[in-house]
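Novice:
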Amino acid sequence: MDRRKSIKSLVLGSVAGGLALHGCKPGDEQMEQVVEQAEVFYGRTPEERELDAELQKEQFFNIHEMATLAILCDCILPGSEEYKSAMDAEVPNFIEFMVKDIPEMQVNLRGGLMWLDHQCNARFGAEFISLEQEKQHEILDEIAYYDPDIPEEERPAAVNFFSLLRNLTLTGFYTSKIGIEELGYKGNMPNVWDGVPEDVLKQHGVAYEEEWLAKCIDQSKRNIVAKWDDEGNLIT
Amino acid sequence: MQIIENAKVYDAIVVGSGAGGGMATKVLADAGLSVAVVEAGPFFDPADPKHQTQLKWPWESPRRGAPTVRPFGDFDAAYGGWEIEGEPYTHKDGTKFDWYRSHMLGGRTNHWGRISLRFGPKDFKHKNVDGYGENWPIGYEDVKPYYDKVDKLIGVFGTNEGLPNDPDGFFLPPPKPRLHELFYIRGARKSKIPVYPSRMSMLTKRINKERGVCFYCGQCSRACQVYADFSAGTCLIFPAQKSGGQVDLFVNCVVREVTTDNEGRATGVSYINKEDRKEYKLKGRVVVLGASACSSARILLNSKSSQHPNGLGNSSDHVGKYLHDSTGGDRVGFIPDLMNRKVSYNEDGVGGMHVYSPWWGDNSKLNFPRGYHIEIWGGMGMPNYGFGFNVNEFNKFFGTKVGGYGDVLRSDVKKYYGALVGLSGRGESIARKENYCEIDPSTVDQWGIPVLRFHYKWSDLERNQAKHMQETFAEIIQNMGGTPLGDMPGRDQDYGLQNPGRIIHEVGTTRMGDDPKTSVTNKFQQLHDVDNVFVVDAGPFVSQADKNCTWTILALSWRASDYIVDQLKKQNL
Ligand SMILES: Cc1cc2nc3c(=O)[nH]c(=O)nc-3n(C[C@H](O)[C@H](O)[C@H](O)COP(=O)(O)OP(=O)(O)OC[C@H]3O[C@@H](n4cnc5c(N)ncnc54)[C@H](O)[C@@H]3O)c2cc1C
Ligand code: SF4
Chain X
383 MDRRKSIKSL VLGSVAGGLA LHGCKPGDEQ MEQVVEQAEV FYGRTPEERE
433 LDAELQKEQF FNIHEMATLA ILCDCILPGS EEYKSAMDAE VPNFIEFMVK
483 DIPEMQVNLR GGLMWLDHQC NARFGAEFIS LEQEKQHEIL DEIAYYDPDI
533 PEEERPAAVN FFSLLRNLTL TGFYTSKIGI EELGYKGNMP NVWDGVPEDV
583 LKQHGVAYEE EWLAKCIDQS KRNIVAKWDD EGNLIT
Chain S
143 MQIIENAKVY DAIVVGSGAG GGMATKVLAD AGLSVAVVEA GPFFDPADPK
193 HQTQLKWPWE SPRRGAPTVR PFGDFDAAYG GWEIEGEPYT HKDGTKFDWY
243 RSHMLGGRTN HWGRISLRFG PKDFKHKNVD GYGENWPIGY EDVKPYYDKV
293 DKLIGVFGTN EGLPNDPDGF FLPPPKPRLH ELFYIRGARK SKIPVYPSRM
343 SMLTKRINKE RGVCFYCGQC SRACQVYADF SAGTCLIFPA QKSGGQVDLF
393 VNCVVREVTT DNEGRATGVS YINKEDRKEY KLKGRVVVLG ASACSSARIL
443 LNSKSSQHPN GLGNSSDHVG KYLHDSTGGD RVGFIPDLMN RKVSYNEDGV
493 GGMHVYSPWW GDNSKLNFPR GYHIEIWGGM GMPNYGFGFN VNEFNKFFGT
543 KVGGYGDVLR SDVKKYYGAL VGLSGRGESI ARKENYCEID PSTVDQWGIP
593 VLRFHYKWSD LERNQAKHMQ ETFAEIIQNM GGTPLGDMPG RDQDYGLQNP
643 GRIIHEVGTT RMGDDPKTSV TNKFQQLHDV DNVFVVDAGP FVSQADKNCT
693 WTILALSWRA SDYIVDQLKK QNL
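Residue numbers (this note's numbering), protein chains in the order written: chain X, 383 to 618; chain S, 143 to 715.
Dropping the structure here:
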């Protein structure tokens, strides 16, 4: 499998993303490059490419908001010896893109960030990013849990803000290269599917029936051109 | 502005390059005819790296595959969707119909589900069984030879089970079931619902040298770069060109109407070239419409002339009538026994289900006619936008806290990965004259072509069927040791019955019949009113069956095309 292209795009993503984080906008030249390479990467129509470039060009969150998001995302998925962090997966940049792609999320997120700073200022006399982790967690503990039996519209705004942020962080992380590695997903590769491994069948208490398996493809013959008799019985 | 005329007279002009148009192109070109294919969308070839979305990783999309731009996600192959900018459609009397269009070479076959089911003998004559709807003027025996040929030409996996209304065919062997499908088999059987290997058009085994064999990436909706799944472009149009056929492709060209002469016979089509926004004319001896059931009806209705004041082929006033879609109902279940899965292996499989349940019920004991089949989905799929949302909401089933932050979320993700199973019912509705599309006299699209207006209502027959789906799905999920998610939709929500159009099986708008007063085409899909115009999409369907419609579109398009070749040879056209 030629994976060079995807690696290139990963690098590219981090360049563009890094700039966004520092509040700069890439110049037109760079943008052209982004656009050009995006074409190679994932089958966009010219209109879609333009839209993506437009969205990349805009900056929604300001530097303070981006910095707050960075810390919040890392509270949700912190780094450790064992695990990479949300920041390692550039989750804040992903969120920055998504709020432009789905503008309905903007008020909830931006308002939530303001609410958070207001709370921190009122209680500890400082903004969220300047607090010690212990105090940050103290605030988060109050908004991080919810009762799933209460409909979302009836939950407190701050709880919904954090739920949205948690959703975006998890999705951003587990759709990144390091997130998928951590998850252990083995697909998106050429493969020859030949059934569930025996140990997995055992673990889940199921088994294949001989009769069913007898109907299934014999993978050693997959490259032999199919021929049938007149009744539709496969003879190759 | 002058309309620009092409001097060449084609033997046939095919409008649209999807299932119907693609098959007609192949058959007509292979017979040595000169064919012009006029397609509203751009050229598309999944083997071209510029067009590929297959085998991309989620992070290659800045929105990680979110469905903001393409309705089935950023990696889906469709150029189109429920709404297309500049090409609106409208509704009458507040009714609902969601219309899914895809404008590209190959049409919606680039990203369809590849569920490839034959209609059975009963499906062509269902009125004889229950008195509803109308019988087809043809029977299974008329179509069987073509189903056989389609199976062999295109390739479909499945098994011969000798079922009365789900006919055997020429199948490639199916893939083995995945873990969640083994759970489904057990759960369904407990309710005496039979389960069989599914029938889908991916090549689990080689059928020729031109097309590759499936490598189990599970991404058929992204279109297969080795042509191991069926798309009309890769499996019909390209081969027709390669085998030396005289095929001229006119892409990005929107047909406005079929042109006619003083006697009312078709002379060709007029179309708008999207690139220069000018109108052109093409001449042909035969016009073959395969623009999809509603689009072809629209072209006919817009083709008004003094000979055909009500639109072409519409002396019966039946064009657009009897539009019907499959019924659809869905339920998702959480299966605790599928928790804590080992991720030691790749279970992508083919891009769709490996097992399914054809209709098993006895309608004489039920409060609705016609049945539905069950489709199954689940497994450890590739993460995409939405993965990890409400990551530990199922904690509620175990009385632990929902939400939080920190490393606990990582273990929750892994705990619940692959523990969901979805069941979808796709069933037969009754075709009704009151469900139709017509021309909206007050709206045109950006090409200046009058658009369609839909009028569509479900009846209690469909609602009762949807209720049956929900009850059945809940039972199966419980049999699997699971819990159905959300509340069972009640009467106020039509029991979860999806809006008309949502299942994307638009059929019936130019239905076939022996009586020109109550049908638009004859049994060879030739307009009663105009002998050199044919419809090869699902417009001529009299009824839908509880099977997805595309395999039948293909078989019938082949049959109609054979007839065209024969009639041209006999100089009857
Ligand atoms: C997500 C999805 C899943 C599906 N799954 C299944 C399934 O599992 N099994 C099944 O049987 N069916 C399935 N279908 C339905 C299947 O795709 C359609 O039945 C089939 O493609 C219809 O073929 P067609 O030739 O009638 O139309 P299309 O494939 O839609 O092709 C019509 C073509 O005509 C072109 N066209 C339209 N208007 C004009 C015009 N005015 N001038 C020129 N060209 C025009 C369009 O651009 C298009 O390329 C699915 C569809 C979707 C979207
Ligand atoms: S699952 Fe098979 S047929 Fe479908 S896209 Fe992947 S390789 Fe092609």
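A virtual CB, placed ideally from N, CA and C, is assigned to each residue, including glycine. Since this is a predicted model, take the numbers as computed values, not measurements.
Give a yes or no on whether 9 Å exceeds the smallest Cβ distance from Glu570 (chain S) to chain X.
Specialist: No, Glu570 (chain S) does not count as interfacial toward chain X.
Novice: Could you give the distance in angstroms between the alpha-carbon of Arg537 (chain X) and the alpha-carbon of Met611 (chain S)?
Specialist: For Arg537 (chain X) and Met611 (chain S), the distance between alpha carbons rounds to 32 Å.
Novice: What does DSSP give as the partner residues of Val355 (chain S) in its beta bridges?
Specialist: For Val355 (chain S), which the question treats as bridged, DSSP gives no partner whatsoever.
Novice: How many angstroms separate the CA atom of Glu421 (chain X) from the CA atom of Gly248 (chain S)?
Specialist: Its pLDDT being 49, under 50, Glu421 (chain X) is placed unreliably in this model, and the value from its coordinates should be taken loosely. C-alpha separation (whole angstroms): 21 Å.
Novice: Report the option in S:Ala171, S:Gly470 and S:Asp587 whose CA atom is closest to the CA atom of Asn606 (chain S).
Specialist: For the residues S:Ala171, S:Gly470 and S:Asp587, the minimum Cα distance to Asn606 (chain S) belongs to S:Gly470.
Novice: Does Glu430 (chain X) get closer than 9 Å to chain S when you measure Cβ to Cβ?
Specialist: So, interface residue.
Novice: When we look at the beta-carbon of Gln635 (chain S) and count the other beta-carbons within 10 Å, is it buried (16 or more) or exposed?
Specialist: Counting Cβ neighbours within 10 Å, Gln635 (chain S) comes out exposed, since fewer than 16 surround it.
Novice: Which partner residues of Glu514 (chain X) appear in the DSSP bridge assignment?
Specialist: According to DSSP, Glu514 (chain X) bridges with nothing at all.
Novice: Mind checking whether Thr251 (chain S) and Thr651 (chain S) have CB atoms under 9 Å apart?
Specialist: Cβ distance not < 9 Å, so Thr251 (chain S) and Thr651 (chain S) don't count as in contact.
Novice: With 16 other CB atoms within 10 Å as the buried threshold, where does Glu655 (chain X) fall?
Specialist: The requested residue 655 (chain X) does not occur in the structure, where chain X is confined to residues 383 to 618.
Novice: Determine the burial state of His193 (chain S): buried for a count of at least 16 other Cβ atoms within 10 Å of its Cβ, exposed for fewer.
Specialist: Burial call: buried.
Novice: Within 10 angstroms of its Cβ, does Thr542 (chain S) collect 16 or more other Cβ (buried), or is it exposed?
Specialist: Looking at its Cβ environment, which holds fewer than 16 other Cβ atoms inside 10 Å, Thr542 (chain S) is exposed.
Novice: When you compare only the Cα positions, how much space is there between Gln488 (chain X) and Ala540 (chain X)?
Specialist: So the alpha carbons of these two residues sit roughly 14 Å apart.
Novice: Within 9 Å of any Cβ in chain S, is that where the Cβ of Lys439 (chain X) sits?
Specialist: Chain S contact via Cβ: absent.
Novice: Is DSSP giving Asn415 (chain S) helix, strand or coil here?
Specialist: Strand, per DSSP.
Novice: Closest Cβ-Cβ distance between Glu229 (chain S) and chain C: below 9 Å?
Specialist: Judged by its chain identifiers, the structure shown contains no chain C, and its protein chains are X and S.
Novice: Pull up the distance between the alpha-carbon of Ser391 (chain X) and that of Pro191 (chain S), whole angstroms please.
Specialist: The pLDDT assigned to Ser391 (chain X) is 32, lower than 50, so where the model puts this residue is not dependable; a value taken from the coordinates is nonetheless given after this. Whole-angstrom Cα-Cα distance: 15 Å.
Novice: Output, in chain order, the set of chain S residues within a Cβ distance shorter than 8 Å of Leu565 (chain X).
Specialist: Under the 8 Å cutoff, chain S gives Val485, Pro525, Val555, Lys556 and Tyr559.
Novice: Leu551 (chain S) lies in the alpha helix (DSSP H); which residues open and close that run?
Specialist: Taken as a continuous stretch (DSSP letters only), the alpha helix (DSSP H) holding Leu551 (chain S) covers Asp549 to Tyr558.
Novice: What is the DSSP secondary structure of Gln686 (chain S), reduced to helix, strand or coil?
Specialist: In this structure, Gln686 (chain S) counts as coil in the three-state DSSP scheme.
Novice: So, does the CB of Leu321 (chain S) fall closer than 9 Å to a CB anywhere in chain X?
Specialist: Cβ-Cβ to chain X under 9 Å: yes for Leu321 (chain S).
Novice: Would Asn615 (chain X) pass as an interface residue toward chain S - the criterion being a Cβ-Cβ separation below 9 Å?
Specialist: Yes, because at least one Cβ of chain S sits closer than 9 Å to the Cβ of Asn615 (chain X).
Novice: Would you say Gly475 (chain S) lies against chain X (beta-carbon separation less than 9 Å)?
Specialist: No, because no Cβ of chain X sits closer than 9 Å to the Cβ of Gly475 (chain S).
Novice: So with CB distances below 9 Å, who are the chain X contacts of Pro339 (chain S)?
Specialist: Result: Trp594, Lys597 and Cys598.
Novice: Under the three-state reduction of DSSP, which class applies to Ile155 (chain S): helix, strand or coil?
Specialist: Three-state result, Ile155 (chain S): strand.
Novice: For His253 (chain S), does the count of other Cβ atoms within 10 angstroms reach 16, so buried, or fall short, so exposed?
Specialist: It is buried - the Cβ of His253 (chain S) has at least 16 other Cβ atoms within 10 Å.
Novice: Identify the contact partners of His586 (chain X) in chain S, using a Cβ-Cβ distance below 9 Å as the criterion.
Specialist: What His586 (chain X) touches in chain S: Leu321, Leu324, Phe325, Asp479, Leu480 and Arg483.
Novice: Where does Lys609 (chain S) land, buried or exposed, given buried means 16+ other C-beta within 10 angstroms?
Specialist: Answer is buried; the Cβ neighbour count reaches 16.
Novice: How far does the alpha helix (DSSP H) with Gly493 (chain X) in it reach, from first residue to last?
Specialist: Start and end: Gln488 to Phe506.
Novice: Classify Tyr338 (chain S) as helix, strand or coil using the three-state DSSP reduction.
Specialist: Note: Tyr338 (chain S) maps to strand in three-state DSSP.
Novice: Taking Pro315 (chain S) as the query, report the chain X residues whose CB atoms sit under 8 Å from its CB, ordered along the chain.
Specialist: Lys597, Cys598, Ile599, Asp600 and Leu616, listed in chain order.
Novice: Measure the C-alpha to C-alpha separation of Gln601 (chain X) and Pro315 (chain S) and round it to an integer number of angstroms.
Specialist: In a straight line, the C-alpha of Gln601 (chain X) is about 10 Å away from that of Pro315 (chain S).
Novice: With DSSP as the reference, identify every bridge partner of Glu517 (chain S), one or two as the case may be.
Specialist: In DSSP, Glu517 (chain S) forms a bridge with S:Ser566.
Novice: Taking just the CA atoms, how far does Asn270 (chain S) sit from Gln196 (chain S)?
Specialist: If I take the Cα positions, the gap works out to 46 Å.
Novice: Just confirm the distance between the C-beta atoms of Ala374 (chain S) and Ser159 (chain S), as a whole number of angstroms; I'd bet it's less than 8 Å.
Specialist: Right, their Cβ atoms sit about 6 Å apart.
Novice: Comparing C-alpha positions only, which one of S:Phe185, S:Phe186, S:Gly183 and S:Thr167 sits nearest to Val177 (chain S)?
Specialist: The shortest C-alpha separation from Val177 (chain S) is found at S:Thr167.
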